[in-house]
Amino acid sequence: MNDRLYSSLLNYNGCIMNASGALCMSKDELDKLNISESCAIVSKSCSLEPRNGNQEPRWYADIENGISINSMGLPNLGYNFYYQYFKNRDIQKPKLMSIAGTSMNEALDIFKLILNEYEFPNAILHDNIYLSDYPDNLFFEFNMSCPNIVGKPQIGYEFNYMNEYLNNIDTIINTFQKNSIFKNKIKYGIKLPPYFDVSHFNTASEIINKYNVSFVTCINSIGNGLIIDTASETVVIKPKEGLGGIGGKVIKSTALANVNMMRKLLRDDIHIIGCGGIETGEDIFQHILAGADAVQVGTCLVNEGINCFDRLNRELIQIMNQKGYQFKNDFKGKLKFL
Ligand code: DHB
Numbered sequence: 635m636n637d638r639l640y641s642s643l644l645n646y647n648g649c650i651m652n653a654s655g656a657l658c659m660s661k662d663e664l665d666k667l668n669i670s671e672s673c674a675i676v677s678k679s680c681s682l683e684p685r686n687g688n689q690e691p692r693w694y695a696d697i698e699n700g701i702s703i704n705s706m707g708l709p710n711l712g713y714n715f716y717y718q719y720f721k722n723r724d725i726q727k728p729k730l731m732s733i734a735g736t737s738m739n740e741a742l743d744i745f746k747l748i749l750n751e752y753e754f755p756n757a758i759l760h761d762n763i764y765l766s767d768y769p770d771n772l773f774f775e776f777n778m779s780c781p782n783i784v785g786k787p788q789i790g791y792e793f794n795y796m797n798e799y800l801n802n803i804d805t806i807i808n809t810f811q812k813n814s815i816f817k818n819k820i821k822y823g824i825k826l827p828p829y830f831d832v833s834h835f836n837t838a839s840e841i842i843n844k845y846n847v848s849f850v851t852c853i854n855s856i857g858n859g860l861i862i863d864t865a866s867e868t869v870v871i872k873p874k875e876g877l878g879g880i881g882g883k884v885i886k887s888t889a890l891a892n893v894n895m896m897r898k899l900l901r902d903d904i905h906i907i908g909c910g911g912i913e914t915g916e917d918i919f920q921h922i923l924a925g926a927d928a929v930q931v932g933t934c935l936v937n938e939g940i941n942c943f944d945r946l947n948r949e950l951i952q953i954m955n956q957k958g959y960q961f962k963n964d965f966k967g968k969l970k971f972l
């Protein structure tokens, strides 16, 4: 991770960003994130071409019960929109481009197209250094956990496939960086699905530890849940006969377990971005205690709007003050066991 993202991750009041998918699809939404207190901007997961996504209604939230369900189906403006936005907009914070595609090959194609852009059109050799339009502070978050593409598995649950995917990413980067001024500049992370079994934590972490992964975001929504409306006796979203990814407060314990297990099992240099069930500064405190370097907010951001970053920052600082902690590092990963 480069110094700027690293320092913003270490800054205790600057560790909260949007989760991919939450208010980050259009230019207008991204512009709002840019001026918000979000410490970084994460784009909507993208595909090679623009997509409309699934039929509506495809998102539902029960705010009182802290639960959401979505089956958006990867609506997005196409990778090039997000790449150009990040390249051309004046953004003074880290940018995370979420790459999904509908298959590994599509995701890798997107990645290669972007890296090719880096090297060519506007790069000019000047006094032996390239002045280029290399987008500073751009990171890639490969989404290995989208549950909503009909007929496609969540890659994070197919360990051989995940291994092959990571191997391909590293190969592409190594080939690209050979003799290149971009050496060690291409940083990426992966967004994982929730795991529920110790053997899965072990297998996933063993695979990830072999590769040049800079950060791991855990967790994506809990895939293929079902919410039923009692009064009407119906499902609440249209796609996949009501099945969708579950988010909100109800997934916090699963998220904390994933953050903590990954912190124990992954290499020390791999950062962890906690995601899942964050509604308050206390939730963020718990994610950091479990080992998160930074956090992402999804359901709460969609329900509350971008002002949530300001509130969450204040609440986190308040709880740190109460406990006498000055820096995130004073308690990061220091969860106590009985
Ligand atoms: C979508 C949902 C996800 O959880 C994800 O990781 C990517 C895309 C979607 O339905 O658009």
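The numbers in this note's numbering rise by one with no breaks, and the one at position 286 of the sequence shown is 920. Note that CB positions come from ideal geometry on N, CA and C, so glycine has one too.
Query, Result
"Measure the beta-carbon distance from G939 to G911 and round it to whole angstroms, keeping in mind my assumption that it falls under 8 angstroms.", "That belief does not hold up - the Cβ atoms of G939 and G911 are roughly 18 angstroms apart, past 8 angstroms."
"Which partner residues does V832 have in the DSSP bridge list?", "Note: V832 sits in no beta bridge, so no partner."
"Can you give the Cα-Cα distance for N710 and S681, rounded to whole angstroms?", "7 angstroms"
"Is it true that the segment 941-950 meets the segment 698-714, where meeting means three or more beta-carbon pairs spaced less than 8 angstroms apart?", "no"
"Can you determine whether any heavy atom of the ligand DHB sits closer than 7 angstroms to the C-beta of L708, and answer yes or no?", "yes"
"Going by Cα to Cα distance, which pick from F776, F793, G687 is closest to N739?", "F776"
"On the DSSP letters alone, give me the boundaries of the alpha helix (DSSP H) that I953 sits inside.", "942-957"
"Give the DSSP bridge partners of V929, in chain order.", "I650, G908"
"Express the C-alpha separation of F816 and P755 in angstroms, rounding to a whole number.", "Confidence in P755 is poor, its pLDDT being 42 and thus under 50, which makes the residue's placement unreliable; the coordinate value appears in the next sentence. Roughly 15 angstroms separates the two Cα atoms."
"What residue does the beta strand (DSSP E) around A695 start on, and which one ends it?", "693-696"
"Taking only three categories from DSSP, how would you classify K898?", "helix"
"Beta strand (DSSP E) containing T851: first to last residue?", "849-852"
"Where does D662 land, buried or exposed, given buried means 16+ other C-beta within 10 angstroms?", "exposed"
"For G881, list the residues DSSP reports as bridge partners.", "S702"
"State the DSSP-derived secondary structure class of Y845, mapped to helix, strand or coil.", "coil"
"What are the boundary residues of the beta strand (DSSP E) that includes L772?", "772-777"
"Considering only their Cβ atoms, is the gap separating M706 from F720 smaller than 8 angstroms?", "no"
"Please identify the residue among S654, G823, Q956, F810 whose C-alpha is closest to the C-alpha of A800.", "Per the sequence presented here, residue 800 reads as Leu, with Ala not at that position. Nearest of S654, G823, Q956, F810 to L800, Cα basis: G823."
"Is any heavy atom in the ligand DHB found nearer than 7 angstroms to the beta carbon of P828?", "no"
"With DSSP run on the structure shown, which of helix, strand or coil describes N858?", "strand"
"From what residue to what residue does the alpha helix (DSSP H) around Y822 run?", "Element bounds for Y822: not the alpha helix (DSSP H) but the beta strand (DSSP E), 822-826."
"So for S887, helix, strand or coil by DSSP?", "helix"
"Excluding the five sequence neighbours on either side, which residues of its own chain have a C-beta within less than 7 angstroms of the C-beta of L759, listed in chain order?", "In this prediction, L759 has a pLDDT of 45, which is less than 50 and means its spatial position is unreliable; what the coordinates show is noted afterwards. None."
"Rounding to the nearest angstrom, what Cα-Cα distance links A656 and T933 in this structure?", "7 angstroms"
"Hey, is S705 close to the ligand DHB, as in C-beta under 7 angstroms from one of its heavy atoms?", "yes"
"For a quick check, are the C-beta atoms of A928 and C649 less than 8 angstroms apart?", "yes"
"By how many angstroms is the C-alpha of T736 removed from the C-alpha of I951?", "40 angstroms"
"From N854 to L667, what distance separates their C-alpha atoms?", "20 angstroms"
"Just the C-alpha distance for L899 and G925, rounded to the nearest angstrom, thanks.", "11 angstroms"
"Contact between the segment 680-697 and the segment 866-874 is defined here as three or more beta-carbon pairs at a separation below 8 angstroms; is this criterion met?", "yes"
"Is F660 near the ligand DHB, going by C-beta to nearest heavy atom under 7 angstroms?", "The sequence as given places Ser at residue 660; Phe does not occur at that position. It does not: the Cβ of S660 is nowhere closer than 7 angstroms to a heavy atom of the ligand DHB."
"Check C934 in the structure and name its three-state DSSP category.", "helix"
"Specify whether the segment 907-922 and the segment 949-963 touch according to this definition: at least 3 beta carbon pairs, one from each stretch, less than 8 angstroms apart.", "yes"
"Comparing the CB of P787 with every heavy atom of the ligand DHB, is any distance shorter than 7 angstroms?", "no"
"Taking the C-alpha atoms as reference points, what is the distance between C673 and A653?", "12 angstroms"
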